[in-house]
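Heads up: the sequence lines are chains A and B, in that order. For the first sequence, the numbering used here assigns the number 1 to the initial residue and increments by one for each residue that follows. For the second sequence, the numbering used here assigns the number 1001 to the initial residue and increments by one for each residue that follows. First the structure, in the form of structure tokens, and then the observations on it.
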Amino acid sequence: MTEQGIGARVLRKEDKRFITGKGRYTDDIRNERQAYAAFVRSPHAHAKVTGIDSAEAEKMDGVIAVLNGKQLTGDGIGNLICGWAVNSKDGSPMNMGAWSALATDKVRYVGDAVVLVVAETQAAARAAAEAVVVDYEELPAVVHAVDALKDGAPQVHENAPGNLIFDWGIGEEAAVDKALSGAAHVTELEIVNNRLSPNPMEPRSAIATYDEAEDHYTLYTTSQNPHVARLVLSAFYQVAPEHKLRVIAPDVGGGFGSKIYIYPEEIACLWASMKTKRSVKWTSSRSEAFLTDAHGRDHVSTARIGFDENNRIVGLKVDTVANLGAYMSLFSSAVPTYLYATLLSGQYDIANIYCNVRTVYTNTAPVDAYRGAGRPEACFLVERIMETAARELGVDPSELRRANFIKAFPHQTPVIMTYDAGDFAANLDQALEAADYKGFPARREEAAKRGKLRGIGLASYIEACGIAPSAAVGSLGAGVGLWESAEVRVNPVGTIEVLTGSHSHGQGHETTFAQVVAERFGLPIENIQIVHGDTDKVQFGMGTYGSRSGPVGLSAIVKALDKVEAKVKKIAAHVLEVSEDDLVVENGEVKVAGTDRAMAWHEVGLAAYTAHNLPAGMEPGLKEGAFYDPENFTFPAGTYVCEVEVDPETGETKIIQFVASDDFGTIINPMIVEGQVHGGIAQGVGQAMLETVVYDEEGQLLSASYMDYTMPRADNVPSFVIHHHSTKSPSNPLGMKGCGEAGAIGTPPAVINAITDAIGNNDLQMPATPPRVWAALQAASTKIAAE
Amino acid sequence: MYDVTYHRATSVDDAVARLSAASEGQLLAGGQTLLPTMKHRLAAPSDLIDLRGIADLVGVRVSGRSVTIGAMTTHAAVAGNAELAKVCPAIVKLAGGIGDPAVRHQGTIGGSIANNDPAADYPAGLMALGATIHTNRREIAADDFFTGLFSTALDEGEIVTAVSFDAPETCGYAKFPNPASRYAMTGVFVAKGGDGVVRVAVTGAGSDGVFRHEGLEQALSKDWSSAAVDGVSVSADGLMSDIHCDAAYRANLIKAMAKRALA
């Protein structure tokens, strides 16, 4: 390890501009003759659009255009699509309903865009939007997925009868039923995974500019994956051909998944820029963000797990209903299937698993990936039912886990995944030791003397990052490959630009990626620039989500660095007249091993570009690109321990201690990784105790502002104790596994296991707010009184 | 926000004149409720008449146990007043627990009570303290001032200028903050005067806004202790239910917060 290389706590290069207010976000950009867009949105959850009167709005000062869905579809703009085809068990394709960027004849959730106003100022656009009169014929709405499946429920899309999108299954049902019927003990649990609002600090924004002279479009947008945005916008929505569309995602203030997708607003702004021959800008208000940013989670599941007489798991059966909202967002089908049910084996050796998933349309905002995406839902289910089973069986929850851990790798689960590496017991031991698990009974007793209920809960999570390889995901229905690309440009003076298809929106790539290059060649980190987020600069990229930038994005960079090093050695060997096998690259030099003969790094760069003395037949220049397609997923895993104290008088719950032991494989920058874990745990605490999206029965969003949607704040979390025990991933060159989502995955079950332990009532759903905890306590004491 | 004309009033009379001249005028105090409402385009006054520049309306005066707080005194100023802390620490604590530092440096006592948000802290404090609300026209007892959700006894064009009260022998305030907004999900102010009279006011819980709780007042008159609170039955009737909690939980909180206020 060098001071700036792999494993070093290098301060983030990007932070200077962020903390001095010099970051450049989409909304900071103003083009010449900038026009502004405002959307007229449906106030109803479900209604027919029977008329649109734009006459008043069109007459207002500063209004450039008032555009509707019929004009949009009339211009050939395509419907929004879901990019991952998932078939039902019977082989029939999923029932995808039409989603026009501007609604034509029907609106299906509160916030559905109906009309777009373009005006000279934002105020004029908003005023005109209020003057547009839309006539609605209201229809009954349905909000909960379970209700949407009932007979006679309001029909959201005509081509999804009974609101069922698909009825999918994984595993061998008959084998699981047999295993459960022969089990010595079966634990059952009903689980609601609460719907969450993503809440990135920066709301979505788009600036579309049509250049009439070049017949070319430029879109600045808040995207986690600008190349995928360009691909989808051109191939499916026919807004502009790919070679005539440049997508730039500049500084982006967080995404958590919600900025993966292409939303109606970007499409409408691009189209409007062509219609008006103006640069059209839209920035979401926080209210619009609550209404229209794709939500996360929203599963209702029942699960049964069986054990033999030695407390070894014999089978797990799960039935899940997943709410996908009013329309199928870009990856909505994959989240509750291939990113969820494939992780139901957890860290355990389970021979038989079956999971049935029904996905359902409702009159609510679309639901898609949110930090963890399917894996938190799987982990919550597995870790809640393991803790519950341990209580029922009367064994220590840590020992029930340990007895069932997978110990040999590679391990093939019954639900597709092949775990490649891990040491689950080591993470468990490390976490228990750090949490002083053995000392807990004494702490519980001490708390009881103060009138407080103390509880402890575990979660041993596993997740899968870097969805791969492309051929495998393609066979499962993915519409894209999930590789990554990179280009390394060594300039004549030896400085380096790395162009990456990964996109940084808070992850610190400008630092981490530079550290890998610095380590490889022994160069100062200042000499390395990371370039991302512009389709005109970077050759291609699949973007950043699913904790893939380390294991996949960095692997592509390493592959390009390999090629650069090979060429560097060829040049130096030629100049120094030695064999390239005798050369090593270190400390910014290419030197003959064991001698003081060397070329400085910049001399090699210069030699490559002057081309005065290159080996015969070698092309000038020093620039290499690579595409990297992983061999397998990576499998971050670990154990979290949460300890809480509940005030029985009010149900207030305080997290006293939170310990994490993670296995992320190779860690480039421990400081940045700790930051990712801290943020992930905070979001996990948010889901477990604070956050939930609430619609009323008519489909009106009640949790539509920070007055009613509870974000985690500093005083909701303790100072975290973070440990690592790493096994290297054998599936990529650096041995990385990914760290971005683990906190959000492992935390909710640890918290709920701790609270239910404290209150002695296992019947508690998220978020475990004080009123819910108090009510559960009342129910528990009523039950005890009755007994 | 819609376009609005801003006025900085130089005196209470000037404010009244400007307000009556405006087509749809609105008085602006700290603006901590009004401005967000306007930003959401849910309020559209033609004119804002800002009272914060009127020097007579600002400041805390403590004379013996008699306290007067100018209507435009910020929560931070009340929270940081050492003299007031000596005679009535609970009101100082109450002011220091409103919102966050940014809110406390803008929001004012006059603005808070004129708005009478059912989850605001000051209405409970002033009702339990038996405070008097001074306006440009009259004096109103706190019991008569707060008349329901977001409504008060103030007439059109009537402006709160100050509040006054005699610091009780002992008093306390505790609130259970709504986890999202951090307004009071339930807040209870208990006060015992030198004459032995106990007043208990509850905010955040009543479906008709702040109210006095007779059962707690009677029990605490006899025995100023948390054991006395335990013996009181608090009904959920007339309490709010919303997405955050139901009336039964609020009933429980009234007792729990009363006990914390006594501690």
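Glycine is no exception: its CB is placed at the ideal position from the N, C-alpha and C atoms.
With distances taken between CB atoms, is the gap from Leu-453 of chain A to Glu-202 of chain A smaller than 9 angstroms? no
Pull up the distance between the alpha-carbon of Gly-1130 of chain B and that of Asp-53 of chain A, whole angstroms please. 56 angstroms
Between the alpha carbons of Met-1 of chain A and Gly-735 of chain A, how many angstroms are there, rounded? Caution is warranted here: a pLDDT of 49 is assigned to Met-1 of chain A, below 50, making its placement in the model unreliable, and no coordinate value can be reported.
So is Asp-293 of chain A in contact with chain B if we call contact Cβ pairs under 9 angstroms? no
I'd like to know if Met-599 of chain A contacts chain B, where contact means its C-beta is closer than 9 angstroms to some C-beta of that chain. no
Nearest-angstrom Cα distance between Glu-188 of chain A and Asn-753 of chain A? 15 angstroms
With the cut-off set at 9 angstroms, would you say Phe-424 of chain A and Ile-462 of chain A are in Cβ contact? yes
With distance defined between alpha-carbon atoms, name the residue in A:Lys-449, A:Pro-648, A:Ala-421 and A:Asp-715 nearest to His-792 of chain A. This structure does not reach residue 792 of chain A, given that chain A is present from 1 up to 787, and the question cannot be answered.
Within the chosen definition, does the segment 18-30 of chain A reach the segment 537-549 of chain A through at least 3 CB pairs nearer than 8 angstroms? no
In chain B, what lies closer than 7 angstroms to Leu-453 of chain A by C-beta? Here the premise fails: no neighbours, minimum Cβ distance about 15 angstroms.
Thinking C-beta only, is Ala-1174 of chain B closer than 9 angstroms to Ala-1261 of chain B? yes
In three-state DSSP terms, what is His-725 of chain A? coil
Quick one: does Arg-1041 of chain B have its CB under 9 angstroms from some CB of chain A? yes
Closer than 8 angstroms at the beta carbon, the chain A residues around Leu-1253 of chain B: Thr-650
Reference Ser-1235 of chain B, options B:Gly-1215, B:Ser-1226, B:Asp-1223 and B:Ala-1228, closest by Cα: B:Gly-1215
Identify the contact partners of Ile-1133 of chain B in chain A, using a Cβ-Cβ distance below 9 angstroms as the criterion. None at all; the shortest Cβ gap to chain A is about 27 angstroms.
Would you check if the distance between the CB atom of Ala-775 of chain A and the CB atom of Tyr-1249 of chain B is smaller than 9 angstroms? yes
Identify, in the order they occur along the chain, each residue of the same chain with its Cβ nearer than 7 angstroms to the Cβ of Thr-1147 of chain B, setting aside the five sequence neighbours on each side. Ala-1153
Quick one: is His-1244 of chain B near chain A, going by C-beta distance under 9 angstroms? yes
What does the Cβ neighbour count give for Tyr-1006 of chain B, buried or exposed, with the cut at 16 atoms within 10 Å? exposed
By Cβ distance, which residues of its chain are closer than 7 angstroms to Cys-1245 of chain B, with the 5 residues on each side in sequence left out? Met-1185
So which residues on chain B does Val-694 of chain A lean against when the C-beta distance must stay under 8 angstroms? Ile-1243
Measuring only between beta-carbons, confirm whether Glu-697 of chain A sits less than 9 angstroms from chain B. no
Can you pull out the residues from the segment 1176-1200 of chain B whose beta carbon lies closer than 7 angstroms to at least one beta carbon of chain A? Phe-1176, Pro-1179, Ala-1180 and Ser-1181
So with CB distances below 9 angstroms, who are the chain B contacts of Asp-708 of chain A? Asn-1178, Ala-1180, Ser-1181, Asp-1242, Ile-1243 and His-1244
Sub-9 angstroms separation of Ala-206 of chain A and Ala-125 of chain A beta-carbons: no
Can a CB atom of chain B be found closer than 9 angstroms to the CB of Ser-781 of chain A? no
To which residues does DSSP link Thr-104 of chain A through a beta bridge? In DSSP, Thr-104 of chain A forms no bridge with anything.
So, does the CB of Met-274 of chain A fall closer than 9 angstroms to a CB anywhere in chain B? no
Please name the residue in A:His-144, A:Ala-518 and A:Lys-70 whose C-alpha comes closest to that of Tyr-695 of chain A. A:His-144
Give me, in chain order, the residues of the same chain whose beta-carbon lies closer than 6 angstroms to that of Pro-198 of chain A; leave out the 5 immediate sequence neighbours on both sides. Phe-256, Ser-258, Asp-293 and Tyr-370
For Arg-35 of chain A, collect the residues of the same chain with a Cβ closer than 6 angstroms to its Cβ; drop the 5 residues on either side in sequence, then sort them by chain order. Contrary to the premise, residue 35 of chain A reads as Ala rather than Arg in this sequence. For Ala-35 of chain A, where only same-chain residues beyond five positions count, the Cβ hits under 6 angstroms are Ile-64, Val-118, Arg-278 and Val-280.
Is the beta carbon of Glu-586 of chain A sitting closer than 9 angstroms to the one on Lys-570 of chain A? no
Just to make sure I have the definition right: I need the residues of chain B whose C-beta is within less than 9 angstroms of the C-beta of Ser-181 of chain A. Which are they? Residues of chain B passing the Cβ test: none, with the nearest at roughly 41 angstroms.
Using C-beta distances below 7 angstroms, list every residue in its chain close to Leu-554 of chain A, excluding the 5 sequence neighbours before and after it, in chain order. Phe-513, Val-516, Leu-734 and Met-736
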